[in-house]
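Chemist: Number 304 in the working numbering belongs to position 120 of the sequence shown; there are no gaps in the numbering.
Glycine residues also receive a C-beta, built at the ideal position from the N, C-alpha and C atoms.
Quick one: this structure, given as structure tokens, is what I'll be asking you about.
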Amino acid sequence: MNGECSRKGLIPLDFRRPARPAPGAVLAPPWNRLVPSRGFAFRGRLSGVAMLKVLRDNLKFLSWILWLVILVFVAFVFVDFGGVLGGAAGTGNAAVTVGDEAVSFKEFEREYRRLEEQYRQAFGGRLTPEVVEQLQLPAQAIERLVNRKLLAAEAAREGLVATDEEVRLAILAIPGLQGSDGRFVGSDTYQNFLRANGYTPRDFEALVREDVAIQKLTGVLRTSIPVADAEVERAWRDENERARVRIVLAPFSRYAGRSAATPEQVAAYFAAHRDEFELPDQRVVDYLLVDASRLRATVEVTADEIDRYYAAHAGEFVRPEEVRARHILIKVDEAQSAEQAEARMATARARLAKGESFEQVAAALSEDPGSKDKGGDLGYFGRGRMIKEFEDAAFGAAPGQLVGPVRTSFGLHLIEVLDHRAGGTQPLAELEPRLRSQIAGERSEAAAEARARELAQRIATEKLVDEKAWQALADGETVTFVTTPAFGRDDTVAGIGRNPDFAAAAFGLAEPGAASAPLKLPRGWAVLRLREIRPAHA
185 MNGECSRKGL IPLDFRRPAR PAPGAVLAPP WNRLVPSRGF AFRGRLSGVA
235 MLKVLRDNLK FLSWILWLVI LVFVAFVFVD FGGVLGGAAG TGNAAVTVGD
285 EAVSFKEFER EYRRLEEQYR QAFGGRLTPE VVEQLQLPAQ AIERLVNRKL
335 LAAEAAREGL VATDEEVRLA ILAIPGLQGS DGRFVGSDTY QNFLRANGYT
385 PRDFEALVRE DVAIQKLTGV LRTSIPVADA EVERAWRDEN ERARVRIVLA
435 PFSRYAGRSA ATPEQVAAYF AAHRDEFELP DQRVVDYLLV DASRLRATVE
485 VTADEIDRYY AAHAGEFVRP EEVRARHILI KVDEAQSAEQ AEARMATARA
535 RLAKGESFEQ VAAALSEDPG SKDKGGDLGY FGRGRMIKEF EDAAFGAAPG
585 QLVGPVRTSF GLHLIEVLDH RAGGTQPLAE LEPRLRSQIA GERSEAAAEA
635 RARELAQRIA TEKLVDEKAW QALADGETVT FVTTPAFGRD DTVAGIGRNP
685 DFAAAAFGLA EPGAASAPLK LPRGWAVLRL REIRPAHA
């Protein structure tokens, strides 16, 4: 077993069994033997017999992976890609549906923007529109979202859930939410962090809860894999054994002329295997893309627009009642009895009574790893976020009041309430950056649709069928002219992804030069022109 592959989560296959060659041995050519290459990129050819042997030799290790693969294949039966990859706005709010769970367009757009930003940081100025098209970001984003939902569903099926405390600790561990001193940055910065990334607190915490459950699932899978002593020894040998070999190179080109097939043999083979070489019905289209993200840069949102939006959607900006508190936790578990915990809590209270600060005592005695280094500070939290006994005590106390010890399933808590913030509508000043971004997004989307409809109307009115006439409509900025390679109904198209609505529009055009109605795509709106029909042929 290859140790590095194992650590990376790849299937560790050993291709050197059953025996290592002795010094001086001459090895057979490698084209019918497997050669390991990390990440499942194999050199050479994989015969059916060789694969069966690999599976037999690694059956114990592979069993859980095979079950997970079966799970994913079965789950994909229930995945509906008719939303985002179809680019259809009229199919409801779901970008894609996995089983009974819908993934919203908002989630898709967020994942798409996250991918775009990752590539932008990696490529720098080299991330051109052409490179973006080749990366097929819409397909990448939807694949990530579907994989996530499948794993989350399996975690739920196995009863693996995240507690409120686990979610809280996971959020507190996010580097962007820690100051230079390692402490939580505070509620205001947290809210700004969420707004900048397009999240509400509820959405973000649900995402973190899902992450924790998925981590539990992957942890269970890792720890359930048995590793025999022989496998450990073999892994050590694989990492540490070295060999010196001489290679005799016999290039194929030297022998190619000796085994050339005759034209008659080629024709006979083609006739006997004609169906293997048949290409499906294909189309080549040109399309004018009105890029909503490029339009967004030209949109200016006024203060009056923000005021009107805030007034019209006031019900969406209600903030729940919140408390900010810090605590000292003394656990009660197998390692520490209730009596021992009470004694440690008495020590904590005594140190506070002598004038030590709450932060110092929490750092010294608290057994909550997520808050002890922050002086026990839990930040702001609303009702339903903490365990009930803790919540009741915190919300029932006044700012500055020390409460406890409070007994919960975690142990004993000494709680100090720092602030109590009444619920109500969030102030406009706090929401302004988020509203400005949201309004700009909605306006740029509407502008892209309007521009696409204007182009479609002009094409129809002026009967523009010529390629040059279409190219003249592109401005190189917000409207671009793109020609696709040939594609079938179920193919992935560069820059578009696997998009049933795009394919349906293309295959619905009767003759070259015909134009489609405006079509919504993840990047904006498009009008298609049929360039070429390629019937199925061998």
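DSSP three-state call for Ile-398: helix, strand or coil?
Modeler: Locating residue 398 in the sequence shown gives position 214, counting from the first residue. Three-state DSSP puts Ile-398 in a helix.
Chemist: Are the region 480 to 495 and the region 569 to 576 touching, with three or more C-beta to C-beta distances below 8 Å?
Modeler: Segments in contact, no.
Chemist: Using a Cβ-Cβ cut-off of 8 Å (strictly less than) and excluding sequence neighbours within five positions of Ala-689, which residues of its own chain qualify?
Modeler: Within the sequence shown, numbered from 1, the residue matching residue 689 stands at position 505. For Ala-689, where only same-chain residues beyond five positions count, the Cβ hits under 8 Å are Ser-700, Ala-701, Leu-703 and Leu-712.
Chemist: Does DSSP classify Leu-671 as helix, strand or coil?
Modeler: The residue given as residue 671 occupies position 487 in the sequence shown. It should be pointed out that residue 671 corresponds to Phe in this sequence rather than to Leu. Looking at Phe-671 - three-state DSSP - the assignment turns out to be strand.
Chemist: Let's see if you can read the secondary structure: which residues bound the beta strand (DSSP E) around Ala-286?
Modeler: As a first step, residue 286 is located in the sequence shown; it is residue number 102 there, counting from the start. Taken as a continuous stretch (DSSP letters only), the beta strand (DSSP E) holding Ala-286 covers 285 to 288.
Chemist: Let me know the alpha helix (DSSP H) ranges lying completely inside the region 613 to 672, each 4 residues or longer, listed in chain order.
Modeler: 651 to 657, all fully within the region 613 to 672.
Chemist: Considering only their Cβ atoms, is the gap separating Arg-503 from Phe-138 smaller than 8 Å?
Modeler: Since the first residue of the chain shown is 185 and the last is 722, residue 138 is not available in this structure.
Chemist: What does a CB cutoff of less than 7 Å around Pro-719 pick up in its chain, not counting 5 residues either side in sequence?
Modeler: Looking up residue 719 in the sequence shown gives position 535. Within the same chain, Pro-719 has close Cβ partners Asp-465.
Chemist: Note the first and the last residue of the continuous alpha helix (DSSP H) segment covering Glu-575.
Modeler: Sequence index remark: in the sequence shown, residue 575 carries index 391 (1-based). Where Glu-575 is concerned, the enclosing alpha helix (DSSP H) stretches over 572 to 579.
Chemist: Beta-carbon within less than 7 Å of Arg-673's beta-carbon, same chain only, minus the 5 sequence neighbours each way: which residues are those?
Modeler: As a working mapping, residue 673 is identified with position 489 in the sequence shown. Same-chain partners within the cutoff: Ala-687 and Phe-691.
Chemist: Give, in chain order, every unbroken run of the beta strand (DSSP E) that is at least 3 residues long and sits entirely within the region 506 to 588.
Modeler: The qualifying runs are 506 to 515 and 561 to 566.
Chemist: For the beta strand (DSSP E) containing Arg-430, name the first residue and the last one.
Modeler: Translated into positions along the sequence shown, residue 430 becomes position 246. Careful: Arg-430 lies outside any beta strand (DSSP E) and carries neither H nor E.
Chemist: Between Ala-581 and the rest of its own chain, which residues show a CB-CB distance below 6 Å, the 5 nearest in sequence each way excluded?
Modeler: The residue given as residue 581 occupies position 397 in the sequence shown. The answer, listed in chain order, is Val-587 and Val-601.
Chemist: Please report the Cβ distance between Phe-299 and Leu-321, rounded to the nearest whole angstrom; I am assuming they are in contact, meaning their Cβ atoms lie under 8 Å.
Modeler: On the sequence shown, residue 299 is found 115 positions in, with the first residue counted as 1. On the sequence shown, residue 321 is found 137 positions in, with the first residue counted as 1. Note on residue identity: the sequence assigns Leu, not Phe, to residue 299. The pair is a contact, with the Cβ atoms about 5 Å apart (cut-off 8 Å).
Chemist: According to DSSP, is Ile-358 part of a helix, a strand, or is it coil?
Modeler: As a working mapping, residue 358 is identified with position 174 in the sequence shown. If DSSP states are grouped into helix, strand and coil, Ile-358 belongs with coil.
Chemist: Please classify Asp-465: does DSSP put it in a helix, a strand, or coil?
Modeler: Residue mapping note: residue 465 aligns to position 281 of the sequence shown, counting from 1. The answer is coil: DSSP assigns Asp-465 none of H, G, I, E or B.
Chemist: Report the partner residues of Thr-592 according to the DSSP bridge assignment.
Modeler: Here residue 592 corresponds to residue number 408 of the sequence shown, with the count starting at 1. Thr-592 is bridged to Gly-595.
Chemist: Specify the secondary structure class of Gly-697 as computed by DSSP and reduced to three states.
Modeler: Taking the sequence shown and counting its residues from 1, one reaches residue 697 at position 513. It is coil, neither helix nor strand.
Chemist: Within 10 angstroms of the Cβ of Asp-491, are there 16 or more other Cβ atoms? Answer buried if so, exposed if not.
Modeler: Translated into positions along the sequence shown, residue 491 becomes position 307. Asp-491 comes out exposed.
Chemist: Out of curiosity, what's the CA-to-CA distance linking Pro-669 and Asp-475?
Modeler: The sequence position of residue 669 within the sequence shown is 485, counting from 1. The sequence position of residue 475 within the sequence shown is 291, counting from 1. Roughly 20 Å separates the two Cα atoms.
Chemist: Using 8 Å for Cβ pairs, my map puts Ala-337 next to Val-396. What's the rounded Cβ distance?
Modeler: Stepping through the sequence shown from its first residue, residue 337 is reached at position 153. Stepping through the sequence shown from its first residue, residue 396 is reached at position 212. At roughly 15 Å, the Cβ-Cβ gap does not stay under 8 Å, so Ala-337 and Val-396 are not in contact.
Chemist: Restricting to Cα atoms, I'd like to know which of Arg-715, Phe-565 and Arg-642 is closest to Leu-356.
Modeler: As a working mapping, residue 356 is identified with position 172 in the sequence shown. When each option's Cα is compared against that of Leu-356, the closest is Phe-565.
Chemist: So for Leu-344, helix, strand or coil by DSSP?
Modeler: Sequence index remark: in the sequence shown, residue 344 carries index 160 (1-based). Here Leu-344 sits in coil by DSSP.
Chemist: Looking at C-alpha atoms only, which residue of Gly-568, Ala-532, Leu-353 and Asp-387 is the closest neighbour of Val-287?
Modeler: By 1-based counting over the sequence shown, the position of residue 287 is 103. Nearest C-alpha to Val-287: Asp-387.
Chemist: With DSSP as the reference, label Ile-680 as helix, strand or coil.
Modeler: Numbered from 1 along the sequence shown, position 496 holds the residue referred to as residue 680. If DSSP states are grouped into helix, strand and coil, Ile-680 belongs with coil.
Chemist: Ala-710 and Ala-653 - do their beta-carbons sit closer together than 8 Å?
Modeler: As a position in the sequence shown, residue 653 is number 469, starting the count at 1. As a position in the sequence shown, residue 710 is number 526, starting the count at 1. Taking 8 Å as the Cβ cut-off, Ala-653 and Ala-710 do not qualify as a contacting pair.
Chemist: Going along the chain, which residues of its own chain have a beta-carbon closer than 7 Å to the beta-carbon of Ala-532, five neighbours each way excluded?
Modeler: Your numbering for residue 532 matches position 348 in the sequence shown. The residues are Ile-512, Val-545, Leu-549 and Leu-598.
Chemist: Taking the alpha carbon of Val-469 as the point to measure from, which residue in Asp-422, Arg-707 and Ala-694 has its own alpha carbon closest?
Modeler: For this step, residue 469 is matched to residue 285 along the sequence shown. The candidate whose alpha carbon is nearest that of Val-469 is Ala-694.
Chemist: For the beta strand (DSSP E) holding Arg-458, just list the boundary residues, first then last.
Modeler: Start at 1 with the first residue of the sequence shown, and residue 458 comes out as number 274. Where Arg-458 is concerned, there is no enclosing beta strand (DSSP E), given that its DSSP letter is neither H nor E.
Chemist: Helix, strand or coil: which one does DSSP assign to Tyr-471?
Modeler: Within the sequence shown, residue 471 is the residue found at index 287, counting from 1. Looking at Tyr-471 - three-state DSSP - the assignment turns out to be strand.
Chemist: Hey, out of Ala-527, Phe-579, Ala-419 and Leu-463, whose CA is closest to Val-507's CA?
Modeler: The residue you call residue 507 lines up with position 323 of the sequence shown. Residue Phe-579 is the option with its Cα nearest to Val-507.
Chemist: Please tell me whether Arg-713 has its Cβ less than 8 Å away from any Cβ of chain D.
Modeler: Considering every chain present, this structure includes no chain D. It has just one protein chain.
Chemist: Do Val-316 and Tyr-471 come within 8 Å of each other at the CB atom, strictly closer than that value?
Modeler: Residue 471 sits at position 287 when you count from the first residue of the sequence shown. Residue 316 sits at position 132 when you count from the first residue of the sequence shown. Contact: no.
Chemist: Report, in whole angstroms, the separation of the C-beta atoms of Leu-680 and Pro-696, which I expect to be a contact under 8 Å.
Modeler: Numbered from 1 along the sequence shown, position 496 holds the residue referred to as residue 680. Numbered from 1 along the sequence shown, position 512 holds the residue referred to as residue 696. Residue 680 is actually Ile in this sequence, not Leu. Incorrect: roughly 20 Å between the Cβ atoms, too far for contact.
Chemist: Quick check on DSSP: helix, strand or coil for Ala-445?
Modeler: One-based indexing of the sequence shown puts residue 445 at position 261. If DSSP states are grouped into helix, strand and coil, Ala-445 belongs with coil.
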